[in-house]
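Using my numbering, read the sequence shown as starting at 362 and increasing by one per residue.
Accompanying notes for the structure given below.
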Amino acid sequence: MDLEQLHKLLRDRRDSELEHQKKNSTKEDIGFNAFALMSDLYYRENFHSDMLRAILDINEKHGAGNIYLSIFISLLNKNFEKINSNSRIPIEKYTNKVVVVSEEGKIDITIYGEDKHVIIIENKINNAGDTHNQIPRYVKFQHEKGNEIDAIVYLTLNQYKEPNRSTWIKDDNLDSIIKEKLISIRTFTGDDNDLCSGFIEKCIAVSNNLDALSILRQYLKILKHLTRNMIDHNHLTELMKYLKAHPENQQVVISLKKSVEELPWHILTEIFNHFNKDDKSSPFQQIACWKDSLYYLHNYKSNRYSFNTDIIITDLSELKFDFSVRQPIDFQKEPAEAILKAIGYENQFTWNGARFEYKVPGEFVDFESNGIKFIEGFLKSLKENEEVIEKALSQLSID
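See below:
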């Protein structure tokens with residue numbers, strides 16, 4: 362690998378990769394989710410339009426009346442403030458006589474308030490492209506009906522997607538309305554101005570109906586799940602554009618990938634090499650390796666028991682040691698626990714149901730040094746407390 366090229370690649374991509382990692386760290390398992398069980402239904406545009414229409418409709422059976430709609434309008438007004446717009450939706454026009462419909466005039470969702478006030482929502486959660494002259498056409502449809510448009514909401518998963526203006530037919534009257542009333546709302550960005558945090562989560566917080574609460578919680582997870590997938594796709598698209606523009610770095614990426622895949626093995630091997638000499642693994646009989654995938658300290662004997670410590674690394678995200686009894690009964694909790702208490706390590710390990718685990722602190726570049734330091738201290742404590750350990754295990758044997 363050409364290190365100079367590698368340094369250039371890392372300089373160019375550093376900020377983008379770190380931002381992607383930060384966003385990706387909040388991924389969550391959608392769990393036992395009714396929407397996920399409906400196959401690919403939740404990927405379809407109509408699904409999200411139907412869901413949002415039902416949540417926003419003050420006459421729906423969620424039992425919240427106009428509370429959800431009021432939260433949504435507050436979100437829109439916050440986004441108007443964010444872009445320094447003078448627009449403000451008069452919430453009093455959407456309190457009592459409200460009608461929410463789907464697909465009227467091909468508009469995904471239309472919210473009709475009192476005195477001909479209206480809110481238009483164009484749903485792009487499935488990342489569909491715009492049709493010809495789409496937004497102006499919707500505005501014209503409502504304008505010709507004599508309605509006053511309070512907001513044109515462009516709702517997207519994509520963090521950067523905006524209406525495609527290239528097909529818009531110029532109309533000064535419509536253009537002025539669009540300029541004043543159009544706002545883009547992202548499904549999930551992590552701040553209070555997105556659909557998840559600024560709307561769905563706030564609806565959950567005020568929900569008393571158990572059915573509505575369950576649906577909102579599951580829908581929230583679906584939206585976050587879909588957004589994360591979109592962020593991953595956008596990130597990789599950006600990376601591919603970069604590599605096409607810098608072909609000299611394509612081979613560097615391949616080489617870097619292979620090197621990163623081998624780093625866990627390298628870290629474990631360095632720990633193994635450190636303890637595999639000068640009896641440094643004592644009081645364990647040896648440090649050993651099983652099929653190049655598992656490194657372990659083998660056969661520490663005290664009283665009638667034999668103990669092992671496995672050294673495990675997972676995708677550079679975690680290095681841990683587990684401490685367990687192997688004889689006479691595998692993975693029995695009490696003997697290992699007695700030793701940890703005897704040497705004062707009980708608070709550093711946690712019981713996982715079969716073994717006691719210790720997670721090495723720090724980033725993966727620190728795993729080797731931090732791991733060696735911890736093992737050395739642990740082994741030293743075992744050797745210095747032989748009599749205390751023997752006594753603790755003997756008492757355990759009596760019980």
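Here a beta-carbon is modelled for each residue, glycine too, at the ideal position from N, C-alpha and C.
Remember, it's a predicted structure, so these values are computed and weren't measured experimentally.
Enclosing alpha helix (DSSP H) for residue i [first to last residue]
{"i": "Phe645", "result": "Careful: Phe645 lies outside any alpha helix (DSSP H) and carries neither H nor E."}
{"i": "Gln611", "result": "Gln611 to Phe636"}
{"i": "Gln443", "result": "The identity of residue 443 in the sequence shown is Lys, whereas the question assumes Gln. Ile428 to Lys443 is the span of the alpha helix (DSSP H), which, as asked, contains Lys443."}
Whole-number beta carbon distance between residue j and residue i, since they are thought to touch under 8 Å
{"i": "Ile452", "j": "Ile434", "result": "5 Å"}
{"i": "Leu556", "j": "Leu516", "result": "7 Å"}
{"i": "Lys454", "j": "Glu475", "result": "5 Å"}
{"i": "Glu679", "j": "Lys720", "result": "6 Å"}
{"i": "Glu483", "j": "Val514", "result": "7 Å"}
{"i": "Asp532", "j": "Pro497", "result": "6 Å"}
Same chain, Cβ closer than 6 Å to residue i, five either side skipped, listed in chain order
{"i": "Val461", "result": "Arg414, Leu417, Asp418 and Ile472"}
{"i": "Thr711", "result": "Glu718"}
{"i": "Glu707", "result": "Leu701"}
{"i": "His478", "result": "Lys454, Glu509 and Asp511"}
{"i": "Leu571", "result": "none"}
{"i": "Val614", "result": "none"}
{"i": "Lys605", "result": "none"}
{"i": "Ile704", "result": "Ser742 and Asn746"}
{"i": "His409", "result": "Asn484 and Ile486"}
{"i": "Gln611", "result": "Leu604"}
{"i": "Phe502", "result": "Gly466"}
Contact set for residue i: own chain, Cβ-Cβ below 8 Å, skip 5 residues either direction
{"i": "Phe692", "result": "Ser685, Val686, Ala715 and Arg716"}
{"i": "Ser755", "result": "Asn664"}
{"i": "Asp676", "result": "Pro625"}
{"i": "Asp683", "result": "Thr670, Asp671, Ile673, Asn713, Arg716, Phe717, Glu718 and Tyr719"}
{"i": "His504", "result": "Ile510, Asn534, Leu535 and Ile538"}
{"i": "Lys734", "result": "none"}
Burial state of residue i, where buried means 16 or more other Cβ atoms lie within 10 Å
{"i": "Glu748", "result": "exposed"}
{"i": "Met601", "result": "exposed"}
{"i": "Gly723", "result": "exposed"}
{"i": "Ile530", "result": "exposed"}
{"i": "Ala566", "result": "exposed"}
{"i": "Ser620", "result": "exposed"}
{"i": "Tyr403", "result": "In this predicted model, Tyr403 has a pLDDT of only 47, less than 50, meaning its place in the structure is not dependable enough to derive any value."}
{"i": "Leu655", "result": "exposed"}
{"i": "His627", "result": "exposed"}
{"i": "Asn761", "result": "No answer is possible for residue 761: it lies beyond the span of the chain, which begins at 362 and ends at 760."}
{"i": "Tyr666", "result": "buried"}
{"i": "Glu609", "result": "exposed"}
{"i": "Asp469", "result": "buried"}
{"i": "Gly732", "result": "buried"}
{"i": "Tyr521", "result": "exposed"}
{"i": "Ser575", "result": "exposed"}
{"i": "Ile690", "result": "exposed"}
{"i": "Val500", "result": "buried"}
{"i": "Glu729", "result": "buried"}
{"i": "Thr588", "result": "buried"}
{"i": "Ala699", "result": "buried"}
{"i": "Asn569", "result": "exposed"}
{"i": "Ala489", "result": "exposed"}
{"i": "Asn440", "result": "buried"}
{"i": "Thr548", "result": "buried"}
Bounding residues of the beta strand (DSSP E) (the contiguous stretch that carries residue i)
{"i": "Asp555", "result": "Counting along the chain, Asp555 falls outside any beta strand (DSSP E), and DSSP gives it neither H nor E."}
{"i": "Glu465", "result": "Val460 to Glu465"}
{"i": "Lys485", "result": "His478 to Lys485"}
{"i": "Asp469", "result": "Ile468 to Tyr473"}
Sequence-distant residues of its chain with Cβ nearer than 7 Å to residue i (five each side left out)
{"i": "Leu658", "result": "Ser642, Phe645, Ile648, Asn669 and Thr670"}
{"i": "Ser527", "result": "none"}
{"i": "Asn494", "result": "Thr528, Trp529 and Ile530"}
{"i": "Ile432", "result": "Phe560, Lys563 and Cys564"}
{"i": "Leu430", "result": "Leu417, Ile419, Tyr455 and Val459"}
{"i": "Leu437", "result": "Ile450, Ala512, Val514 and Ile544"}
{"i": "Gln688", "result": "Tyr666 and Ser667"}
{"i": "Cys650", "result": "Phe633 and Tyr656"}
Contact test: residue i Cβ vs the ligand ZN heavy atom, cutoff 7 Å
{"i": "Tyr603", "result": "With respect to small molecules bound, the structure shown includes none, and the ligand ZN cannot be examined in it."}
Within-8 Å CB hit, residue i to chain C
{"i": "Asp476", "result": "Absent from the structure is chain C; it holds one protein chain and no more."}
Report the start-end ranges of each beta strand (DSSP E) in the region 493-563 that is 3 residues or longer and not cut off at the edges.
Whole beta strand (DSSP E) segments, 3+ residues: 509-517 and 543-547.
At which residue ranges does the region 657-744 contain complete alpha helix (DSSP H) runs of 4 or more residues, listed in the order of the chain?
Every alpha helix (DSSP H) of 4 residues or more that sits fully in the region 657-744 is shown, in chain order, as 694-703.
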